[in-house]
Every structure is written in structure tokens, then in C-alpha cells.
Amino acid sequence: MSSGHHGGQEHAAPGHAVSKKVLVTVWLSLMVLTVFTVKVATIDLGSANLWVAMFVASIKASLVVLFFMHLFWDRRINMIIFLTSVFLLALFLGLALTDTGQYQDQLIPGYAPAMEQVAPTK
Amino acid sequence: MSEHSSHPAYLGHHYDTPEQQFDSGSLGMWLFLATEVLLFAGLFCAYAIYRSHHPEIFLYAHQFLDKNLGALNTGILIFSSFTMAMAVRQAQLGKNNQVMWLLFITLLCGFGFLGVKKMEYEAKWKHGLLWGKNFHPAEHGAAHGTEGLPEAGIATHESAAPTTAGTATHDAGATPAGGPAPTMPGAIPGAPPAAGDPLAVKSNIAPPAAAPSGLAPNAFSEQPHADSHAVPKQRPSNVHIFFGIYFLMTGLHGVHVIAGMSAIAWVLWRTKRGDFSPAYSTPVHLVGLYWHLVDLVWIYLFPLLYLVG
Chain A
1 MSSGHHGGQE HAAPGHAVSK KVLVTVWLSL MVLTVFTVKV ATIDLGSANL
51 WVAMFVASIK ASLVVLFFMH LFWDRRINMI IFLTSVFLLA LFLGLALTDT
101 GQYQDQLIPG YAPAMEQVAP TK
Chain B
1001 MSEHSSHPAY LGHHYDTPEQ QFDSGSLGMW LFLATEVLLF AGLFCAYAIY
1051 RSHHPEIFLY AHQFLDKNLG ALNTGILIFS SFTMAMAVRQ AQLGKNNQVM
1101 WLLFITLLCG FGFLGVKKME YEAKWKHGLL WGKNFHPAEH GAAHGTEGLP
1151 EAGIATHESA APTTAGTATH DAGATPAGGP APTMPGAIPG APPAAGDPLA
1201 VKSNIAPPAA APSGLAPNAF SEQPHADSHA VPKQRPSNVH IFFGIYFLMT
1251 GLHGVHVIAG MSAIAWVLWR TKRGDFSPAY STPVHLVGLY WHLVDLVWIY
1301 LFPLLYLVG
């Protein structure tokens, strides 16, 4: 949007009204994806279950952010801010998880059954 | 300062144009939402680390959460996001009557969400499924109502074998790892409550003879696998950590729902007062952004807490 006019002129309303069709379509997609998530959770895919669920959740989140929250039509700086926070979240979780995976040799035997037990190093 | 046509009442004097005011408001709200994402990131990090270390705890404990209630809450919040987005749209078109109705419906959805959460919390309280030292399952095992029953085959009254009254399953703090199932001090396995004893409480956790974990034999519908994705037959130690994480995450989320509902109520009141027009409906837009964030967080909370394994 260009900067507004000065003087005694009518100002254009800022922002824009999203069409009903887009909103309804997004809402229905979200409901379908929710049903899909629940159904997929009943199928055993091993460790992939978590990733499928997160992937579908991310699609839903993208729909909400882009269309309900208007980012699709908004100033790019808002998108940058949001994506930065997501990136920082990924960094936070990623680094913390990588770090905790470094102490296999100091695990109390049997305490964390799911973690690989490595012989203690000196 | 007197009003002149190039500076209407809704336009702050430190702004040149309504677009600039709108953009500033948007920018500020998105910056705030970024901090909210990072706030929840801390809890998601705790979840991620703890789950990667102890998937058996999550596999075991998530059975006490009702998937259907979780899905219902997800549907409620998604619908409320829809009505909120519609309200923002109608506000930009100046249809204030519809805006009020849509905001009101959004508010109702918020109440619905909190109501479902209240039911879930109550059920957990009743079954002693709380955080940290307060984790005492089956101690509070009084006859429960129809709502908030632990799902997925956990024994209901009809199917439970005679249970021991007040089977104490204290899990005070961390117990030594990996050994046999935690002993239950003072409990006589298999002894039913004395007939006619008014204080006898019916636990829905079967005695160890019926099922080693204390749950009914048909509790686990999954086939055991060689890897760690089978639901553990024995209750793992430190299950209270799951509930600590559960209550903290859904609790913080619930606080945000309440804050969002307050903001919606405020904007609803302002709409009724006639503050908004096609030229100016920024507060509706900004409150909408906050409410959508609340929905976003739940979109991730639901599969992580309710759809484990």
C-alpha cells in the first residue's frame, strides 16, 4: 500500500477484507486435516507417527497463519518476524535435543529404556 | 487539537495516515506473537527432550487423555478461528451487527473450550492423575461420572474385576529405574472392599493379578512390537512427569484462552459502542491475530499430547 495522501482527502481503509469463499474453504480444509490427523494416529507407523502428525499440524498452522491471520496479503516484514520466531524455535529445540543426545555413556543403566546404552567412557 | 478532515478521531496524531497506524499496530502485534511463540517454545522443548528420553512414559500416560475430547476442543477452536476471521472481515466492511454476533459466537466457543478442559481436569483430579508429588492414581478412585473417563480400554466399572479399595500407588519422586513394578505399600492385592462399607471406594485399576500394570486386561489394543512403540504393560516410573508437562502446557494455553476471550469481550463492547467503521477496525484485526495464535498453539498441542503413538 502506498503512503496515504495529505490534505483533506478521504483515506483508503487500511487492510483488506478477505473473501468469504477463502475463509470457508480454509475452515473446511482445517476440519478435514483434523479428521485426517486423528485417523492417521490410529494406524501404527512406528516413529513416523510423530512426524506425520507434526507435518499435518504444520499444514494446518500455515493455513491459519496465511489466511486467517492475513499474512498472505500483509506486509512482508510481518511474515519475516513470524518466520524468524519459528526458526528460533527450531534452533532451540534442535540444539537442545542434539545436546542431550551426547550423554549416552553417562546414562544410569535402565533409567531411560528408549535411549541407546553406550559403555561408559573414562 | 481540533479535528480536521485529514486527521479523523481514530487516527493518532503521531501517525500521518491510517495506513501507517494500521501497519504499526500490525507490526507490534506480530512482534508480540513472536514472543508468545518463544514462550511456548520453552515448554515444547521440555516436551521434546523428555519424550525423546522416555517415550515409554508418554506411550503409557497418554491413555489417560480422552482423544475425543481433545478432537472436540480442536474443532471448537478451529471454528472459533473461522468466526473470528469472519468478524474481522465484516468489520472491514462496516457490518457491525454481524461483527458483534461473530465475536459473540467466538466467545461462546472459548467458553466451550474451557468447559471441556474443566471436565478433563476434573476427571484427572478425581483419578489422582496430577503433577509431581500429587500423582496418586486410584487413591481418589471414587465412583466417577460418565465424563472424562480414561479412554482406550481402561477398565470402566462394568468391566473391572473386583478392586482393592484405596490401592496406594505412591510415586513420590523418582524411583529406581528399570526394575520390577513399583510395590504398593499396604495394599492387599485382590481383596475387594468390604461389602456394605460406605467408605469403600471403587478404583477402576484392577489388581495386579488381573493385569500387571493394574489396568484391565483389555487395556492395550496395540500389538506389541519389538521396538519401543508398544504401550508398556507395566507402569513406568516417573509417569508424573507426563502429567506435569500436560498440565503446564494446557494450563498456560488455557490462560491465553482466557486472556484472548477478555480481549474479544472488550472489542465486542467497543463495536457495540460504535467505535469501528470501514475506515478503522484495527483493534478487531489485532485481537483476531492473538486469538488465531491461541488456536495455532492448540493445533500443535493436540497431536503431541493426545495422539501419542
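Taken in sequence, the protein lines are chains A and B. The opening position of the first sequence corresponds to residue 1 in our numbering, with each subsequent residue numbered one higher. The opening position of the second sequence corresponds to residue 1001 in our numbering, with each subsequent residue numbered one higher. Just so you know, even glycine gets a beta-carbon here, dropped at the ideal spot from N, CA and C. Note that the coordinates shown come from a computational prediction; the quantities given were computed from them, not determined experimentally.
Have a look at A/V40 and A/V52 and give me their C-alpha separation to the nearest angstrom. Here residue 40 of chain A is taken as the residue at index 40 of the first sequence, counted from 1. Here residue 52 of chain A is taken as the residue at index 52 of the first sequence, counted from 1. Going by the C-alpha atoms only, they are around 8 angstroms apart.
Should A/K60 be labelled buried (16 or more other beta-carbon atoms within 10 Å of its own) or exposed? For the purposes of this step, residue 60 of chain A is identified with residue 60 of the first sequence, where counting begins at 1. Buried, because 16 or more other Cβ atoms sit within 10 Å of the Cβ of A/K60.
Beta-carbon proximity list for B/F1135, same chain, < 8 angstroms, skipping 5 on both sides: Position 135 of the second sequence holds residue 1135 of chain B. Cβ within range, chain order: G1128, L1129, D1171, V1239, H1240 and F1243.
Short of 7 angstroms in beta carbon distance, which residues of its chain neighbour B/V1308, apart from the five on each side in sequence? Order them along the chain. Start at 1 with the first residue of the second sequence, and residue 1308 of chain B comes out as number 308. Taken in chain order, the residues that qualify are F1058, L1059 and H1062.
May I ask you to report which of helix, strand or coil DSSP gives B/H1007? As a working mapping, residue 1007 of chain B is identified with position 7 in the second sequence. Three-state result, B/H1007: strand.
Using the beta-carbon count (16 or more within 10 Å), is A/Q106 buried or exposed? Taking the first residue of the first sequence as position 1, residue 106 of chain A is located at position 106. The C-beta of A/Q106 has fewer than 16 other C-beta atoms within 10 Å across all chains shown, which makes the residue exposed.
Name the two residues that bound the continuous alpha helix (DSSP H) containing B/P1283. As a first step, residue 1283 of chain B is located in the second sequence; it is residue number 283 there, counting from the start. Its alpha helix (DSSP H) spans residues T1282 to Y1306.
So for B/S1277, helix, strand or coil by DSSP? The count along the second sequence starts at 1 and reaches residue 1277 of chain B at position 277. Under the three-state reduction of DSSP output, B/S1277 falls in the strand class.
Output, in sequence order along the chain, the residues in the segment 1064-1086 of chain B whose CB is closer than 8 angstroms to any CB in chain A. Cβ contacts with chain A come from K1067, A1071, T1074, G1075, I1078, F1079, S1081, F1082, M1084, A1085 and M1086.
Just how far apart, CA to CA, sit A/R76 and B/P1018? Mapped onto the first sequence, residue 76 of chain A falls at position 76. Mapped onto the second sequence, residue 1018 of chain B falls at position 18. A/R76 and B/P1018: Cα-Cα distance of roughly 18 angstroms.
Contact under 8 angstroms by Cβ, B/V1116 with A/L89: As a first step, residue 1116 of chain B is located in the second sequence; it is residue number 116 there, counting from the start. As a first step, residue 89 of chain A is located in the first sequence; it is residue number 89 there, counting from the start. Result no, Cβ atoms of B/V1116 and A/L89 do not sit closer than 8 angstroms.
How big is the Cα-Cα spacing for B/W1125 and B/W1131? On the second sequence, residue 1125 of chain B is found 125 positions in, with the first residue counted as 1. On the second sequence, residue 1131 of chain B is found 131 positions in, with the first residue counted as 1. Taking the straight line joining both Cα atoms gives about 10 angstroms.
Any C-beta of chain B under 8 angstroms from that of A/I81: Position 81 of the first sequence, counting from 1, holds the residue named residue 81 of chain A. Residue-level contact check: A/I81 touches chain B, since one or more beta carbons of chain B fall below 8 angstroms from its beta carbon.
Go ahead and pull the three-state DSSP assignment for B/Y1246. Counted from its first residue, the second sequence places residue 1246 of chain B at position 246. In the structure shown, B/Y1246 sits in a helix (DSSP, three-state: H, G or I).
Less than 8 angstroms between the C-beta atoms of B/A971 and B/L1102, yes or no? The structure shown does not extend to residue 971 of chain B, since chain B is modelled only from 1001 through 1309, so no value can be given for it.
Rounded Cβ spacing between B/V1088 and B/V1297 (contact assumed at less than 8 angstroms): What you label residue 1088 of chain B is simply residue 88 of the second sequence in a count that begins at 1. What you label residue 1297 of chain B is simply residue 297 of the second sequence in a count that begins at 1. With 8 angstroms as the limit, B/V1088 and B/V1297 do not qualify as a contact, their Cβ atoms being about 19 angstroms apart.
Between A/V35, A/I81 and A/S47, which has its C-alpha nearest B/N1073's C-alpha? The residue given as residue 1073 of chain B occupies position 73 in the second sequence. Among A/V35, A/I81 and A/S47, the Cα nearest to that of B/N1073 belongs to A/V35.
Span of the alpha helix (DSSP H) around A/S47: Here residue 47 of chain A refers to the residue found at position 47 when the first sequence is read from its first residue. Taken as a continuous stretch (DSSP letters only), A/S47 belongs to no alpha helix (DSSP H), as it is neither H nor E.
Find the residues of chain A that neighbour B/V1116, judging by a C-beta separation of less than 8 angstroms, and give them in chain order. If you number the second sequence from 1, residue 1116 of chain B lands on position 116. Simply none; closest approach about 15 angstroms.
Would A/F36 count as contacting chain B if we go by Cβ distances under 8 angstroms? The residue given as residue 36 of chain A occupies position 36 in the first sequence. Answer no: the Cβ-Cβ gap between A/F36 and chain B never drops below 8 angstroms.
Report the option in B/A1123, B/S1262 and B/H1054 whose CA atom is closest to the CA atom of A/P113. Residue numbering aside, residue 113 of chain A sits at position 113 when the first sequence is read from its first letter. Ranked by how close their Cα comes to the Cα of A/P113, the residues B/A1123, B/S1262 and B/H1054 have B/H1054 in first place.
Of the listed residues B/H1007, B/G1028, B/E1120 and B/L1077, nearest to A/W27 (C-alpha basis): As a position in the first sequence, residue 27 of chain A is number 27, starting the count at 1. Out of B/H1007, B/G1028, B/E1120 and B/L1077, B/L1077 has the C-alpha closest to the C-alpha of A/W27.
Mind pulling the chain B residues with CB within less than 9 angstroms of A/K21? Indexing the first sequence from 1 puts residue 21 of chain A at position 21. Within 9 angstroms Cβ-Cβ: nothing; A/K21 doesn't reach chain B, min ~11 angstroms.
In angstroms with no decimal places, state the Cα-to-Cα distance between B/F1220 and B/C1045. In the second sequence, the residue the question calls residue 1220 of chain B occupies position 220. In the second sequence, the residue the question calls residue 1045 of chain B occupies position 45. Confidence at B/F1220 is low in this model, with a pLDDT of 41, below 50, so the placement of that residue should be treated as unreliable; the coordinate-derived value is given next. Computed Cα separation, rounded: 29 angstroms.
Quick one: what's got a C-beta closer than 6 angstroms to B/N1096's C-beta in the same chain, skipping five residues either side? The residue you call residue 1096 of chain B lines up with position 96 of the second sequence. Only T1271 meet the Cβ criterion.
Using beta carbons (cut-off 8 angstroms, strictly below), is A/K60 in contact with chain B? Looking up residue 60 of chain A in the first sequence gives position 60. Yes - at least one Cβ of chain B is within 8 angstroms of the one on A/K60.
Cβ neighbours of A/G110 in the same chain (closer than 6 angstroms, five flanking residues each side left out): Translated into the one-based positions of the first sequence, residue 110 of chain A becomes position 110. Excluding residues up to 5 positions away in sequence, nothing lies with its Cβ nearer than 6 angstroms to the Cβ of A/G110 in the same chain.
Rounded C-alpha distance that separates B/P1008 from A/S19: Sequence index remark: in the second sequence, residue 1008 of chain B carries index 8 (1-based). Sequence index remark: in the first sequence, residue 19 of chain A carries index 19 (1-based). Inter-residue distance for B/P1008 and A/S19 is about 28 angstroms (C-alpha atoms, whole angstroms).
Report the start-end ranges of each alpha helix (DSSP H) in the segment 33-105 of chain A that is 4 residues or longer and not cut off at the edges. Correct list: 48-63 and 76-100.
Do B/L1248 and B/M1029 have their CB atoms nearer than 8 angstroms? By 1-based counting over the second sequence, the position of residue 1248 of chain B is 248. By 1-based counting over the second sequence, the position of residue 1029 of chain B is 29. Contact flag unset, no.
Given a threshold of 16 other Cβ atoms within 10 Å of its Cβ, counted over all protein chains shown, does A/G94 qualify as buried or as exposed? Here residue 94 of chain A refers to the residue found at position 94 when the first sequence is read from its first residue. By the C-beta density criterion, A/G94 is exposed, having fewer than 16 other C-beta atoms within 10 angstroms.
Pairwise C-alpha distance: A/F82 and B/A1034: Within the second sequence, numbered from 1, the residue matching residue 1034 of chain B stands at position 34. Within the first sequence, numbered from 1, the residue matching residue 82 of chain A stands at position 82. Straight-line Cα distance between these residues: approximately 6 angstroms.
Among B/F1040, B/I1105, B/S1277 and B/P1278, nearest to B/T1083 - alpha-carbon criterion: In the second sequence, the residue the question calls residue 1083 of chain B occupies position 83. With distances taken between Cα atoms, B/T1083 lies closest to B/I1105.
Assign B/N1068 to one of three DSSP states: helix, strand, or coil. Position 68 of the second sequence, counted from the start, is the residue given in the question as residue 1068 of chain B. When DSSP states are grouped into helix, strand and coil, B/N1068 belongs to the helix group.
Based on Cα-Cα distance, which residue from B/L1114, B/M1100 and B/G1288 lies nearest to B/G988? The first residue shown for chain B is 1001 and the last is 1309, placing residue 988 of chain B beyond what the model contains.
Threshold first: 4 residues or longer. Then list the alpha helix (DSSP H) segments lying entirely within the segment 1069-1141 of chain B, N to C. Complete alpha helix (DSSP H) runs here, min 4: 1096-1126.
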